[in-house]
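In order, the protein sequences belong to chains D and W. FYI, in the numbering used here the residues of the first sequence are -12 to 523. FYI, in the numbering used here the residues of the second sequence are -12 to 523. Input: a single structure, listed below in structure tokens.
2 protein chains.
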Amino acid sequence: MTTFDYILESRKLQEATMLQQESKTVPEFTRSDPRISELLELTHEIADLSAVSSLAEWDQNTAMPAGATEVRSHQMAALQGILHDRWTAPRLGELVNELREEVQKSPFSDADRGLVREALRAYEQSTKLPRKLIAEIAQVQAGSFTAWRQAREQSDFARFAPWLGRTVALQREVADRLGYSETRYDALLDQYEPSMTTRKLDALFVPVRETSKNLLQCIEASGNAVDASCLEGDFAESQQLVLCERLLKGMGYDFSRGEVARSPHPFTTSFGSPFDVRLTVRTDTHFLPTSIMAAIHEGGHAVYEQGSSPELVRTPVVGGASMGMHESQSRLWENAIGRSEAYWQGQYGAVQEIFPQQFAKVDVSTFARALNKVQPSLIRVEADEVTYNLHIIVRFEIEKALINSDISVESLPALWNAKYREYIGVEPANDAEGVLQDIHWTSGFGYFPTYTLGNLYAAQIFAKLGSVFPDFDAQLASGDTGFVLNWLREHMYAFGVIYEPEELMKRLTGETPNPQYFARYLTGKFEKIYNLPGEK
Amino acid sequence: MTTFDYILESRKLQEATMLQQESKTVPEFTRSDPRISELLELTHEIADLSAVSSLAEWDQNTAMPAGATEVRSHQMAALQGILHDRWTAPRLGELVNELREEVQKSPFSDADRGLVREALRAYEQSTKLPRKLIAEIAQVQAGSFTAWRQAREQSDFARFAPWLGRTVALQREVADRLGYSETRYDALLDQYEPSMTTRKLDALFVPVRETSKNLLQCIEASGNAVDASCLEGDFAESQQLVLCERLLKGMGYDFSRGEVARSPHPFTTSFGSPFDVRLTVRTDTHFLPTSIMAAIHEGGHAVYEQGSSPELVRTPVVGGASMGMHESQSRLWENAIGRSEAYWQGQYGAVQEIFPQQFAKVDVSTFARALNKVQPSLIRVEADEVTYNLHIIVRFEIEKALINSDISVESLPALWNAKYREYIGVEPANDAEGVLQDIHWTSGFGYFPTYTLGNLYAAQIFAKLGSVFPDFDAQLASGDTGFVLNWLREHMYAFGVIYEPEELMKRLTGETPNPQYFARYLTGKFEKIYNLPGEK
Chain D
-12 MTTFDYILES
-2 RKLQEATMLQ
8 QESKTVPEFT
18 RSDPRISELL
28 ELTHEIADLS
38 AVSSLAEWDQ
48 NTAMPAGATE
58 VRSHQMAALQ
68 GILHDRWTAP
78 RLGELVNELR
88 EEVQKSPFSD
98 ADRGLVREAL
108 RAYEQSTKLP
118 RKLIAEIAQV
128 QAGSFTAWRQ
138 AREQSDFARF
148 APWLGRTVAL
158 QREVADRLGY
168 SETRYDALLD
178 QYEPSMTTRK
188 LDALFVPVRE
198 TSKNLLQCIE
208 ASGNAVDASC
218 LEGDFAESQQ
228 LVLCERLLKG
238 MGYDFSRGEV
248 ARSPHPFTTS
258 FGSPFDVRLT
268 VRTDTHFLPT
278 SIMAAIHEGG
288 HAVYEQGSSP
298 ELVRTPVVGG
308 ASMGMHESQS
318 RLWENAIGRS
328 EAYWQGQYGA
338 VQEIFPQQFA
348 KVDVSTFARA
358 LNKVQPSLIR
368 VEADEVTYNL
378 HIIVRFEIEK
388 ALINSDISVE
398 SLPALWNAKY
408 REYIGVEPAN
418 DAEGVLQDIH
428 WTSGFGYFPT
438 YTLGNLYAAQ
448 IFAKLGSVFP
458 DFDAQLASGD
468 TGFVLNWLRE
478 HMYAFGVIYE
488 PEELMKRLTG
498 ETPNPQYFAR
508 YLTGKFEKIY
518 NLPGEK
Chain W
-12 MTTFDYILES
-2 RKLQEATMLQ
8 QESKTVPEFT
18 RSDPRISELL
28 ELTHEIADLS
38 AVSSLAEWDQ
48 NTAMPAGATE
58 VRSHQMAALQ
68 GILHDRWTAP
78 RLGELVNELR
88 EEVQKSPFSD
98 ADRGLVREAL
108 RAYEQSTKLP
118 RKLIAEIAQV
128 QAGSFTAWRQ
138 AREQSDFARF
148 APWLGRTVAL
158 QREVADRLGY
168 SETRYDALLD
178 QYEPSMTTRK
188 LDALFVPVRE
198 TSKNLLQCIE
208 ASGNAVDASC
218 LEGDFAESQQ
228 LVLCERLLKG
238 MGYDFSRGEV
248 ARSPHPFTTS
258 FGSPFDVRLT
268 VRTDTHFLPT
278 SIMAAIHEGG
288 HAVYEQGSSP
298 ELVRTPVVGG
308 ASMGMHESQS
318 RLWENAIGRS
328 EAYWQGQYGA
338 VQEIFPQQFA
348 KVDVSTFARA
358 LNKVQPSLIR
368 VEADEVTYNL
378 HIIVRFEIEK
388 ALINSDISVE
398 SLPALWNAKY
408 REYIGVEPAN
418 DAEGVLQDIH
428 WTSGFGYFPT
438 YTLGNLYAAQ
448 IFAKLGSVFP
458 DFDAQLASGD
468 TGFVLNWLRE
478 HMYAFGVIYE
488 PEELMKRLTG
498 ETPNPQYFAR
508 YLTGKFEKIY
518 NLPGEK
């Protein structure tokens, strides 16, 4: 360690300690101020109605009978209409515009500032989008979902295409009304990741793309292989669900404030964080990781939501700071933690206990190594960490082009297949395993890039965890992951949406988003797994 | 057959034919009238929001984690508040008051008349109840539900008592605001069974009470017994659910417009009849009828809701004509049909197939007979047909007294136990199997009597079915119950709430509610089963 390194290290430690002290207490709302108190009252009702709307969506994806599609679309439209009314209420507009400057000063807290900022954002977005448009979007979304489900079952893109066309047209209108300075797609992006633009994304994504491609080439060139055959076999569905529950409990997911169900595409949702946060998994009776890695991934989202301070309940600042920040937590738990040998040293006992026949003779290193097999594939949600972001880049490019009117809906299957061949070297045999695989395009565009953003954020936060806990792997291997959850709760989860993503990253890691952390994480990890000659 | 009988019979047949022709077509709304069309628009939104509120209740009873109790109570209160705003909207009031007389004339249809009548009823009830009261009721209901669930688990009435006290106080206030001419309890009764009063109920219930008591005495005096031991044993939960599904499919319950879940107290609910109607069952691994008779009972409610004409969707005239009429269908399917030997001649194959060990050596007569064992017991939902209404009378008397301020909440357990001893000859060992057994008092009062009303209506409708289908039992025994469902759909279900209970009974059976049908049904059935000397 050089003197410079030492100074740097000490400074990092100092900062870490400061942050730790600083962030121990979640700021409270200044309820004594009548305007803050009135704003809270207004946003409480909005949060309650949004929760019910999320419940209807959860039901739609987990239990609703097919015959209810049309009535449900009316129900969603009715709720969206009322939420729109509430977000555009003149009194709300007065309050947030009156407070927007004043709240920056004393005695207002960071919680107040977050509240006013988020309420203002929603007010402005909502006033730009007429209620009729919102209602139409909700109706089309419900119809589109059913069409997608049927199209996917029958691998028949033509069945979904007209619905996708309607969604594209509506989302273009949304973008035009919201406004943008460079490309129409920016307006949609900003909805999920505040202040994000295509230009910024391109800059962040280039190193990711280069790293992924180089690494994939090195791995393929090395001729080294990972044997993942232990993950295939016969795994009873009910036992997989038992294992998922065990792993979720181990992560600290609180079942008294949640529930696990099944759906074709796993997701996490909340009906009043931190008190009701539910997730879904899906199972593959022949491939264990489908369920357990989905459980850990969704569990990451869920512990983030469950970690919000109760001070923030029923406000727009409860929950995840952005879609990218949310994804950072699912990725952190799923990949950085959940695919590490240290994690499985602590959890593998459950796997062997629940599937003794399959794993009695498989050691933990073989199991953990198998979870990291790099295998160019067709299905995003089952992709390894090296190729994952290439799946996202396919979608990102197609979305941009669709929204900016460069391509037609009809051209999607061919375009999709060509991009998969070009970037990942594989080509779907049918649309079910190709362009129809994701639920996302039943509702809108601009969401996919947040997955790769999540990977970048996750790597940066993971590096921070490594510096805070020098014996990270040893602690993880003990089987108790509580130290990770506690640190994340205290420094990140508890604060909900009080800080914007960029500021939150600075507070957490000492710097703004930097793609080099991901490049280093990915290269370091897979050089070791595939025994590649190190680049340094 | 005397000449007089013959004339009477011919007239009945003539009437039946007329009714059949008359009622084949469900009247349509006069959408060409701009006021009807505007009223439909307003009530569509209300129906959509009510559906979402029912969904939240369903979730609360089937899946919601305990930690969500408080946030959910806010969510329910927010929805109830908005529904209240919608039902008291001045424009709605103008429309219904303008139409109330005019709609009686040509060219308006029975559907229009039903729509205006039901909208007016809701408008008037809502304008009498301030929004703040409604919100408070919703909040107390959610808290009360959780307290009841915990109290029941621990058999600890004291845990539930304060919540019950709050519900009593709120319901008294509701009654006072709604108004009544005789007793306060009448106002609550009227909410579930339009135009019903305590006085009318007493007149209808006296013959029921007398018949039940006499019959019970005769049965006990006869010394004859029914052996129901075949219904006890080990019945795997998952297999019970398979059997429930088979029976529900057999009844014509449409799973593409519904779903079956489990809850401690079975119920049926709708989120947009006839397109999304769901039910719950509960299972007892040692006693088969708990699940299957609940399935047939709830199935009766569900096929009624699913039978509404699609013309009526998203309006206040879709669904069941009243709580009593609703209960008549669950009782008709559960008891008159579902406990008859003829029914089981057609369905018993499924029972033997799914539980071969238990029923291979039990013949269908023994099985059907066992389902009709008369056994004074503690639990209403498992009571036989002879004692069932005595369970209701206990509750009816206690409710009346609670609401009319004659007794205190604290006195309930003792009073309950005393009445059980007096009327049914049994006494609960603890409150879980006594005063805490029903969910109903977590929300309000006035509902219980509709169960006995349902039994009266059911017997009258069953008599009608017997006259329409002279070979009723033979058709039932064939295994295809479609003829019953089709007739009920065509003459009753399709019409939803277009007609009030009394008129609907007249249209269906040719006369207003008459308790003698039930007396005859009950006596005839159990004289046969218990081989009693006939009274005539």
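From the three backbone atoms N, C-alpha and C, an ideal C-beta is built for every residue, glycine too.
Any 3 or more C-beta pairs closer than 8 Å across the stretch 94 to 103 of chain D and the stretch 12 to 21 of chain D
yes
Would you list the residues sitting across from W:Leu266 in a DSSP beta bridge?
W:Val247 and W:Thr255
Just checking: is the beta-carbon of W:Phe505 within a distance shorter than 9 Å of some beta-carbon in chain D?
no
How close, in whole Å, do the beta carbons of W:Gly68 and W:Ala122 come, if the pair is a contact with beta carbons under 8 Å?
5 Å
For D:Ile485, which residues from the same chain have a beta carbon less than 6 Å from its beta carbon, with the 5 sequence-adjacent residues on both sides left out?
Asp97, Ala98, Gly101 and Val304
If we define contact as Cβ-Cβ less than 9 Å, is D:Met51 a contact residue for chain W?
yes
Bounding residues of the alpha helix (DSSP H) (the contiguous stretch that carries D:Ser454)
Pro436 to Val455
Using C-beta distances below 7 Å, list every residue in its chain close to D:Glu160, excluding the 5 sequence neighbours before and after it, in chain order.
Leu120
What are the residues of the stretch 262 to 278 of chain D that lie near chain W, defined by any Cβ-Cβ distance shorter than 7 Å?
Phe262 and Asp263
Please go through the same chain and pick out, in chain order, the residues whose beta-carbon is closer than 8 Å to the beta-carbon of D:Leu107, but skip the five residues on each side of it.
Val83, Asn84 and Arg87
Check each candidate in D:Pro457, D:Tyr434, D:Asp458 and D:Lys451 and name the one with the smallest Cα separation from D:Ile492.
The sequence shown places Met at residue 492 of chain D, not Ile. Minimum Cα distance to D:Met492 is reached at D:Lys451.
I'd like the list of long-range same chain contacts for D:Arg476, defined as Cβ closer than 6 Å, with 5 residues on each side in sequence excluded.
Gly294
Using 10 angstroms around the beta-carbon of D:Thr429, count the other beta-carbons present and answer buried if the total reaches 16, otherwise exposed.
buried
DSSP three-state label for W:Glu219, please.
strand
Complete runs of the alpha helix (DSSP H) confined to the stretch 309 to 388 of chain W [at least 4 residues]
310 to 318, 328 to 341, 343 to 346 and 351 to 357
My guess is that W:Glu397 and W:Leu509 are in contact by the Cβ rule of under 8 Å, so how many angstroms apart are they, rounded?
Their Cβ separation, rounded to whole angstroms, is 36 Å, which puts W:Glu397 and W:Leu509 out of contact at 8 Å.
Name the residues in the stretch 36 to 48 of chain W whose C-beta lies less than 7 Å from a C-beta of chain D; which are they?
Leu36, Ala38, Val39, Leu42, Ala43 and Asp46
Would you verify that the beta carbon of W:Gly239 is, or is not, closer than 9 Å to some beta carbon of chain D?
no
Checking contacts by CB at 9 Å: is W:Glu25 closer than that to chain D?
no
Restricting to Cα atoms, I'd like to know which of W:His288, W:Tyr335 and W:Ile279 is closest to W:Asp545.
There is simply no residue 545 of chain W to check, as chain W begins at -12 and stops at 523 in what is shown.
Could you give the DSSP three-state label for D:Phe470: helix, strand or coil?
helix
D:Ala273 classed as buried or exposed, judged by whether at least 16 other C-beta atoms fall within 10 angstroms:
The displayed chain sequence assigns His, not Ala, to residue 273 of chain D. So D:His273 ends up on the exposed side.
Compare the Cα-Cα distances from D:Glu328 to each of D:Ala464, D:Pro52, D:Leu116 and D:Tyr444 and report the closest residue.
D:Ala464
Chain D within 9 Å of W:Leu6, Cβ atoms only:
Here the model assigns W:Leu6 a pLDDT of 40, short of 50, so the residue's position is not dependable and the matter cannot be decided.
I need the straight-line Cα distance from W:Phe383 to W:Glu489, nearest angstrom please.
21 Å
Are the CB atoms of W:Arg326 and W:Ala355 nearer to each other than 9 Å?
yes
Residue range of the unbroken alpha helix (DSSP H) whose run includes D:Lys92
It is not in any alpha helix (DSSP H) - D:Lys92 carries neither H nor E in the DSSP assignment.
Tell me whether D:Phe513 is buried or exposed, calling it buried when 16 or more other Cβ atoms sit within 10 Å of its Cβ.
buried
By Cβ distance below 7 Å, which residues in the same chain neighbour W:Glu9 in space, the five residues on each side in sequence not counted?
Below a pLDDT of 50, predicted positions are generally treated as unreliable, and W:Glu9, at 45, falls in that range; no measurement from the model is reported.
Proximity test, Cβ basis, 9 Å: W:Ile124 and chain D:
no
Top-ranked residue by Cα proximity to W:Lys360, from W:Leu266, W:Leu218, W:Arg139 and W:Pro181
W:Leu218
D:Gln62 and W:Asp46 - do their beta-carbons sit closer together than 9 Å?
no
Counting beta carbon pairs with one atom in the stretch 393 to 412 of chain D and one in the stretch 148 to 156 of chain D, are three or more of them shorter than 8 Å?
yes
Kindly list the residues whose CB is nearer than 8 Å to the CB of W:Leu472, restricted to its own chain and excluding five residues on each side of it in sequence; keep chain order.
Met238, Gly239, Val290 and Gly294
Nonlocal neighbours in the same chain, by C-beta distance under 8 Å from D:Gly511, ignoring five residues either side
none
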